[in-house]
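Trainee: Chains as they are written, first to last, in this note's numbering: chain F, 845 to 958; chain X, 708 to 822.
Every residue gets a Cβ at the ideal spot worked out from N, C-alpha and C, and that includes glycine.
Since we're looking at a predicted model, the values are computed, not measured.
This is the structure we're talking about:
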């Protein structure tokens with residue numbers, strides 16, 4: 845799986861958009877980009893995933909650059925409850941065996957403030 | 708919304724004892740996983756399970772660990788003889804079988820404390 849690079853921490857004011865960047869310059873054609881978050885010691889929560897097109901759901905938007913070497917997770921109106929560690933993970937979906945696991949890095953710690 | 712449920716939320720066990728962690732994956736999901744997170748460290752993959760057999764395991768998942776899907780709903784992780792270093796949060800996850808890109812969904816974990 846391609847390696848990802850994320851800033852260790854970010855701050856965002858409540859009500860503003862939080863834009864979390866992720867670099868995955870070695871991504872290959874079969875690899876999807878997944879975003880998860882972990883609030884305190886709870887289980888990782890799935891947010892969104894995409895291959896090459898921008899995606900949006902009720903939680904967030906995912907913007908993937910045309911060359912697919914980086915992406916941005918956007919929380920449009922951050923609240924205090926969005927304070928968490930956000931993980932960007934690239935996973936190969938072509939092979940069903942060794943490629944099915946998720947490899948977590950250290951993520952970005954997002955602090956939403958009043 | 709369907710969710711993965713794990714029991715117990717906290718398990719305290721004496722070193723050397725056997726422990727079984729339980730998970731009820733999302734109904735109709737076909738792929739099952741266990742991960743662990745030692746306090747302050749990354750979430751680490753332990754094992755994946757599909758079609759009633761292990762499809763992949765990490766170096767952490769040694770002979771002391773085993774997984775089982777004893778019936779149509781439960782997925783268990785057994786640690787045969789616990790060590791102090793097994794103290795961690797253990798997360799179960801499941802994934803639908805419709806398309807390999809489907810995301811894994813996690814439970815809220817079992818905190819395992821070995822004394």
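Our contact map puts residue 879 of chain F next to residue 917 of chain F with C-beta atoms below 8 Å; I'd like the distance itself, whole angstroms only.
Mentor: Confirmed, Cβ separation roughly 5 Å.
Trainee: Could you tell me whether the Cβ of residue 777 of chain X comes closer than 7 Å to any Cβ of chain F?
Mentor: No, no contact with chain F.
Trainee: Can you find the residues in the same chain that come closer than 6 Å, C-beta to C-beta, to residue 883 of chain F, ignoring five residues on each side of it along the sequence?
Mentor: So the list reads 928, once near-sequence residues are dropped.
Trainee: From the DSSP secondary-structure annotation, give me the bridge partner or partners of residue 763 of chain X.
Mentor: DSSP output for residue 763 of chain X lists X/755 as bridge partner(s).
Trainee: Using C-beta distances below 6 Å, list every residue in its chain close to residue 955 of chain F, excluding the 5 sequence neighbours before and after it, in chain order.
Mentor: Cβ neighbours of residue 955 of chain F beyond the five flanking positions: 855, 927.
Trainee: Could you say if the stretch 803-815 of chain X and the stretch 899-916 of chain F meet the contact criterion of at least three C-beta pairs nearer than 8 Å?
Mentor: The stretch 803-815 of chain X is not in contact with the stretch 899-916 of chain F.
Trainee: Do we get a CB-CB distance below 7 Å when we pair residue 955 of chain F with the residues of chain X?
Mentor: No, no contact with chain X.
Trainee: Give the DSSP bridge partners of residue 959 of chain F, in chain order.
Mentor: Within the shown structure, residues of chain F are numbered from 845 to 958, placing residue 959 of chain F beyond reach of any answer.
Trainee: Which residue from X/787, X/709, X/806 puts its Cα closest to that of residue 728 of chain X?
Mentor: Comparing Cα-Cα distances from residue 728 of chain X to each of X/787, X/709, X/806, the minimum goes to X/787.
Trainee: Please go through the same chain and pick out, in chain order, the residues whose beta-carbon is closer than 8 Å to the beta-carbon of residue 921 of chain F, but skip the five residues on each side of it.
Mentor: Closer than 8 Å at the Cβ level, and outside the excluded window around residue 921 of chain F, lie 859, 860, 861.
Trainee: Who are residue 962 of chain F's beta bridge partners in DSSP?
Mentor: Here chain F covers residues 845 to 958 and nothing more, so residue 962 of chain F does not appear.
Trainee: Give the residues of chain X in contact with residue 893 of chain F, contact being defined as C-beta atoms less than 8 Å apart.
Mentor: What residue 893 of chain F touches in chain X: 808, 810.
Trainee: So if DSSP puts residue 716 of chain X in a beta bridge, which residue, or which two residues, is it bridged to?
Mentor: Answer is none; residue 716 of chain X lacks a bridge partner.
Trainee: Please list, in chain order, all residues of the same chain as residue 821 of chain X whose beta carbon is under 7 Å from its beta carbon, the five residues on each side excluded.
Mentor: Contacts found: 720, 722, 789, 790, 791, 793, 794.
Trainee: Suppose you measure from the CA of residue 923 of chain F to the CA of residue 753 of chain X; what does that come to, to the nearest Å?
Mentor: Computed Cα separation, rounded: 33 Å.
Trainee: For residue 942 of chain F, collect the residues of the same chain with a Cβ closer than 7 Å to its Cβ; drop the 5 residues on either side in sequence, then sort them by chain order.
Mentor: Any reading at residue 942 of chain F is ruled out, since the residue's pLDDT is 46, under 50, leaving its predicted position unreliable.
Trainee: Would you mind giving the Cβ-Cβ distance between residue 949 of chain F and residue 886 of chain F, rounded to the nearest angstrom? I have them listed as a contact below 8 Å.
Mentor: Not really, about 18 Å apart at Cβ, beyond 8 Å.
Trainee: Check whether the Cβ of residue 850 of chain F lies closer than 7 Å to any Cβ atom in chain X.
Mentor: Cβ-Cβ to chain X under 7 Å: no for residue 850 of chain F.
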